[in-house]
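The block underneath contains the structure these notes are about, expressed in structure tokens.
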Amino acid sequence: MPARKENKNNTDLIKEINELKIRLSETEETLTAIRRGEVDAIVVSGENGDKIFSLASSETPYRIIIEQMDEGAVTISANGIILYCNQRFSEIVSAPPEKTVGISFSEFISERDITEFERLLHDSTKRPVRGELSLAHSKKTIRLSLSPLPSNIEGDICIIVSDITEISNYQNYLREMVDERTSELKIANRHLNIDIEKLRSAEKALQDSEILFRSAFDEGAVPMILTSREGDFLKVNRAFSNLTGFSEKELLGMSYLDITHPDDLEPSIKGRDELEKNKMASFRLEKRYIRKDGKQVWVRISTAPVRDINGRWDFFVTHVQDINKRKIAENRLRESKERFKQLANSIPQLAWIARADGYIFWFNHRWFEYTGKKSDEMIGWGWQTVLQQKNIQNIINQWQSYINEGKPFEMVNSLLGSDGSYREFLSKSIPITDKKGQVDQWFGTHTDISELIKVENELNSSREKLNIALENGQIGTWEWNIVTDEVLWDERTEKMFGYEPGTFERTFTSFENNIHEEDLYHVRKTLRQSLNAGQQFETIFRSRPRNGECSYISVKALVTRDPRGNATNMSGVCFDVTRMKKEVDQALIRINEELLRSNKDLQQFAYVASHDLQEPLRMVSSFTQLLQHRYADKLGDEGNEYIHFAVEGSKRMYELLNGLLAYSRIQTKGREFAVVDMNRVVEKVKDNLNLIISETKTRISHSDLPEIVADENQMIQLIQNLFENSIKFRKEVAEISVSWQLRDDYYVFAIRDKGIGIEPQYFERIFRIFQRLHRSDEYEGTGIGLAICKRIVERHGGQIWVESEFGTGTTFFFSIPESVSVRSQLP
Numbered sequence: 031m032p033a034r035k036e037n038k039n040n041t042d043l044i045k046e047i048n049e050l051k052i053r054l055s056e057t058e059e060t061l062t063a064i065r066r067g068e069v070d071a072i073v074v075s076g077e078n079g080d081k082i083f084s085l086a087s088s089e090t091p092y093r094i095i096i097e098q099m100d101e102g103a104v105t106i107s108a109n110g111i112i113l114y115c116n117q118r119f120s121e122i123v124s125a126p127p128e129k130t131v132g133i134s135f136s137e138f139i140s141e142r143d144i145t146e147f148e149r150l151l152h153d154s155t156k157r158p159v160r161g162e163l164s165l166a167h168s169k170k171t172i173r174l175s176l177s178p179l180p181s182n183i184e185g186d187i188c189i190i191v192s193d194i195t196e197i198s199n200y201q202n203y204l205r206e207m208v209d210e211r212t213s214e215l216k217i218a219n220r221h222l223n224i225d226i227e228k229l230r231s232a233e234k235a236l237q238d239s240e241i242l243f244r245s246a247f248d249e250g251a252v253p254m255i256l257t258s259r260e261g262d263f264l265k266v267n268r269a270f271s272n273l274t275g276f277s278e279k280e281l282l283g284m285s286y287l288d289i290t291h292p293d294d295l296e297p298s299i300k301g302r303d304e305l306e307k308n309k310m311a312s313f314r315l316e317k318r319y320i321r322k323d324g325k326q327v328w329v330r331i332s333t334a335p336v337r338d339i340n341g342r343w344d345f346f347v348t349h350v351q352d353i354n355k356r357k358i359a360e361n362r363l364r365e366s367k368e369r370f371k372q373l374a375n376s377i378p379q380l381a382w383i384a385r386a387d388g389y390i391f392w393f394n395h396r397w398f399e400y401t402g403k404k405s406d407e408m409i410g411w412g413w414q415t416v417l418q419q420k421n422i423q424n425i426i427n428q429w430q431s432y433i434n435e436g437k438p439f440e441m442v443n444s445l446l447g448s449d450g451s452y453r454e455f456l457s458k459s460i461p462i463t464d465k466k467g468q469v470d471q472w473f474g475t476h477t478d479i480s481e482l483i484k485v486e487n488e489l490n491s492s493r494e495k496l497n498i499a500l501e502n503g504q505i506g507t508w509e510w511n512i513v514t515d516e517v518l519w520d521e522r523t524e525k526m527f528g529y530e531p532g533t534f535e536r537t538f539t540s541f542e543n544n545i546h547e548e549d550l551y552h553v554r555k556t557l558r559q560s561l562n563a564g565q566q567f568e569t570i571f572r573s574r575p576r577n578g579e580c581s582y583i584s585v586k587a588l589v590t591r592d593p594r595g596n597a598t599n600m601s602g603v604c605f606d607v608t609r610m611k612k613e614v615d616q617a618l619i620r621i622n623e624e625l626l627r628s629n630k631d632l633q634q635f636a637y638v639a640s641h642d643l644q645e646p647l648r649m650v651s652s653f654t655q656l657l658q659h660r661y662a663d664k665l666g667d668e669g670n671e672y673i674h675f676a677v678e679g680s681k682r683m684y685e686l687l688n689g690l691l692a693y694s695r696i697q698t699k700g701r702e703f704a705v706v707d708m709n710r711v712v713e714k715v716k717d718n719l720n721l722i723i724s725e726t727k728t729r730i731s732h733s734d735l736p737e738i739v740a741d742e743n744q745m746i747q748l749i750q751n752l753f754e755n756s757i758k759f760r761k762e763v764a765e766i767s768v769s770w771q772l773r774d775d776y777y778v779f780a781i782r783d784k785g786i787g788i789e790p791q792y793f794e795r796i797f798r799i800f801q802r803l804h805r806s807d808e809y810e811g812t813g814i815g816l817a818i819c820k821r822i823v824e825r826h827g828g829q830i831w832v833e834s835e836f837g838t839g840t841t842f843f844f845s846i847p848e849s850v851s852v853r854s855q856l857p
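When you read off a place in the sequence shown, starting at 1, and then add 30, the result is the number in this note's numbering.
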């Protein structure tokens, strides 16, 4: 009996084991169905009867979406501890899941972004927030979307992590998550009869995942949409709404056909049809959306079908990538290439483009015009047919060596033209590299230099002739680069200054060091005037003594200027005129001696003529007036008129003699120069002319005038003559102003009036002695006043000139050297 009972027990045990195997098999099938989304609910028997646990079918599409996501999903506690993360997050941070759960999320954030993360963490407990941060120990940049979780879900905050460095395939990460959840469900099912609470935990975990999936869809950085088989929008996320400009509510009442560009409708419809016919698992397409504001935006879409729990097509899920910037760049590149081709076809050079190996695949129009060849004759290696056969192998070898080096090059070769003749061309080519720096193409041009070579040969011939002439004439050449301050001398110039060939230091300072110190100011002044006025530079100076002797150097040069008028270069020649200077000096000494004697004789004559003739003239005038006084009644009208003419003539003669006397005394009777206050000079002149100023109501003004080195009496005479001239030739009331400025070491004074003015053809004539522009009955005067002014100014080493507009007014200018030292260096 005991043995029988034992057998019975064994039988029962075997039966129970078989039942458990059946139940285990059913459980595995159930888990498989749950993982595939084929089960809507689970019925569990327990002590209190059967219970139904719902597995929402709406979770299935979100699982598929997560499988295609390229974003990490994490749940954390309020203090930032990671409670859960998906596999994508582990890949983004390059850390396995077992080393992420249970540690602080901030450990994956770079130090510089910790503060920003803490702020996001704090704000996310109240509302959803977003932010972009950098990963620690990585060059990746991530976008975080933090949202608070409901209180019935494990964890406080949900974080969606987007690797915005590169978007990858969401399906791989979703599959890993589903496998992980399925594993948890298997474990829960093994203990299903032991602890039903574990099944409830699994159900809760699924619900949490659904919330997580919804959050990933809605907050994801990548635009995503769900559309029906007819194309209507079923669900769109915020990123897609931002991309199109339509609100979510507006889009849910529209179809993808409504926002697709008309030219892209056909490929969009065709792709969806191929999906429905099971010809492809998914399709990708670049197309254009029409935004709400009417603008076009280029996108790349990836669309895949989604099945329901029965395996039927339910809807389509589409990921959208904004490629508008890339498309714009491609269009600009295409336009740039077209513009390049247009430009290359319009240039006078022969142009071509070759592959990296030298295979030429494009020639411009000018190439075909010159060679007379057709495109199919040239493409590839046909260009060799227009080269001179005797040089072809050498050119090919050079071309191959340049290709191997991958560097720009140039060469000269002859090309056969359509007229049967060869012309010389300068060939230049540059490599075009790709992003990796590898040579991708070559761009080359051929410039016709036949005429240039001809001109160059002629120029060389002329240069040789010039060198012969310079050598025979002992003429040196030099050049000064004003921008770099470099001075170049040829050997002849170096020899003139006593240098060994090639030893000159080539700077402008070195050049000035070779000029005699007494001539340096004059050379600088002449050079400055040439640069400012754009005139030819020409001067003679002494070189510094070498072996106790100075050489006289004559220099001439032209100035080159840039488009803005700035002097950039000066080039010229120089001569050693020492011997000529000595001969000229001796001749000048003789001439000067003769001039001095002549001037003394003329001055003496002028003095005698003006002084000694005054007394007889006075006698004639006095007796003529006495004759008129006594015999006026007997002479009659005609006789009195003749006597009046004689008296007036003697008066004018007397005035002329006084003027001539004053003119002759400017040099002989002048005082020594001293410091003169020009303000005081003007005031003295106003005192001298007080009566005529009052009668004519003349107004005189002047600025604060400088002190100069001059003869004060002659300055008074100069200013007084100019004032009297302005008062004499006034319109109604004379207005005179005196001003000054400093120009190139000279005081330049200006006396302006608003009188009748002077016509330009008389500007030079008025400074000549005894020159008048008006009859004596119109304006009084001898015509010697301005000649005296000119003589005074020249004695002081200056110049006088006039500017006037007839009928408007006149300005007289005169210059006085700034100091005695300056005056002493004038030629």
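We put the beta carbon where it would ideally sit given N, CA and C, even for glycine. Computed from a predicted model, the values in this text were never measured in an experiment.
Extract the residue ranges of the alpha helix (DSSP H) inside the region 334-419, only unbroken runs of 4 or more that lie entirely within it. 354-376, 395-401, 405-408, all fully within the region 334-419.
Assess contact between the region 729-745 and the region 703-720, defined as three or more Cβ pairs (one per stretch) separated by less than 8 Å. Is contact present? The region 729-745 vs the region 703-720: in contact.
Segments assigned beta strand (DSSP E), at least 3 residues, entirely inside the region 98-179: Annotation: the region 98-179 contains the following complete segments of the beta strand (DSSP E) (minimum length 3 residues), in chain order: 101-106, 112-115, 159-164, 171-178.
Whole beta strand (DSSP E) elements within the region 722-751, 3-residue minimum: Runs of the beta strand (DSSP E) lying entirely within the region 722-751 and spanning at least 3 residues, in chain order: 729-732, 737-740.
Provide the residue span of the beta strand (DSSP E) that contains residue 301, from first to last. No beta strand (DSSP E) contains residue 301, which is instead part of the alpha helix (DSSP H) from 295-306.
Residue 569 in three-state terms, based on DSSP: If DSSP states are grouped into helix, strand and coil, residue 569 belongs with the strands.
From residue 652 to residue 722, what does the alpha carbon distance come to, in whole angstroms? Taking the straight line joining both Cα atoms gives about 28 Å.
Relative to the C-alpha of residue 414, which candidate in 392, 312, 446 has its C-alpha closest? Considering only alpha carbons, the answer is 446.
Let's test the definition: count the other Cβ atoms within 10 Å of the Cβ of residue 147 and tell me whether it reaches 16, buried, or not, exposed. Result: buried.
What does the alpha-carbon distance come out to for the pair residue 133 and residue 188? Rounded to the nearest angstrom, the two C-alpha atoms are 15 Å apart.
Could you check where the alpha helix (DSSP H) with residue 271 kicks off and where it finishes? For residue 271, the uninterrupted alpha helix (DSSP H) segment begins and ends at 268-274.
Could you tell me which residues DSSP pairs with residue 326 in its beta bridges? The partner list for residue 326 (beta bridge, DSSP) reads 320.
Quick check on residue 327: buried or exposed, where buried means 16 or more other Cβ atoms within 10 Å of its Cβ? By the beta-carbon neighbour count (other beta carbons within 10 angstroms, threshold 16), residue 327 is buried.
Assess, as a yes-or-no matter, whether the region 417-433 is touched by the region 392-406 under the definition of 3 or more beta carbon pairs within less than 8 Å. Segments in contact, no.
Please return the same chain residues whose Cβ sits closer than 7 Å to the Cβ of residue 582, not counting the five positions on each side in sequence. Result list for residue 582: 570, 572, 607, 608, 611, in chain order.
If you draw a straight line from the C-alpha of residue 427 to the C-alpha of residue 412, how long is it? For the pair residue 427 and residue 412, the Cα-to-Cα distance works out to about 16 Å.
Helix, strand or coil: how does DSSP classify residue 530 here? Correct three-state label for residue 530: coil.
Sort 574, 753, 354, 515 by Cα distance to residue 842 and report the nearest one. Nearest C-alpha to residue 842: 753.
Burial state of residue 598 (16 or more Cβ within 10 Å): With a 10 Å radius around the Cβ and a threshold of 16 neighbouring Cβ atoms, residue 598 comes out exposed.
Are the CB atoms of residue 176 and residue 154 nearer to each other than 8 Å? Less than 8 Å divides the Cβ of residue 176 from the Cβ of residue 154.
Could you tell me the alpha carbon to alpha carbon distance between residue 914 and residue 385, rounded to whole angstroms? Outside the displayed range of the chain (31 to 857) lies residue 914, so it cannot be described from this structure.
Would residue 748 pass as a contact of residue 819 if the rule is Cβ separation under 8 Å? Less than 8 Å separates the beta-carbon of residue 748 from that of residue 819.
Can you tell me whether DSSP reads residue 579 as helix, strand or coil? Strand.
Between 469, 758, 839, which has its C-alpha nearest residue 725's C-alpha? Here the closest residue by C-alpha is 758.
So does the region 372-389 actually touch the region 350-362, counting three or more Cβ pairs closer than 8 Å? As far as the Cβ criterion goes, the region 372-389 does not touch the region 350-362, which means the pair count is below three.
Is residue 346 closer than 8 Å to residue 257 when the C-beta atoms are compared? The Cβ atoms of residue 257 and residue 346 lie closer than 8 Å to each other.
By Cβ distance, which residues of its chain are closer than 6 Å to residue 845, with the 5 residues on each side in sequence left out? These residues qualify, in order along the chain: 776, 778, 828, 829.
What residues in its chain sit with their C-beta under 7 Å from that of residue 553, if we drop five residues either side in the sequence? Only 545, 569, 571 meet the Cβ criterion.
Who does residue 788 pair with in a DSSP beta bridge? Partner(s): none; residue 788 has no beta bridge.
Which stretch, first to last residue, makes up the alpha helix (DSSP H) that contains residue 550? From DSSP, the alpha helix (DSSP H) with residue 550 extends over 547-563.
Can you tell me whether residue 102 is buried or exposed, with buried defined as 16 or more other CB within 10 angstroms of its CB? With 16 or more other Cβ atoms from the protein chains shown falling within 10 Å of its own Cβ, residue 102 counts as buried.
DSSP three-state assignment for residue 754, whether helix, strand or coil: Three-state DSSP puts residue 754 in a helix.
CB residue 601 to CB residue 542, shorter than 8 Å? No, they are not a contact pair.
Does the beta-carbon of residue 526 have 16 or more other beta-carbons within 10 angstroms, so that it is buried, or is it exposed? Residue 526 should be labelled buried.
Three-state class that DSSP yields for residue 260 in the structure shown: It is coil, neither helix nor strand.
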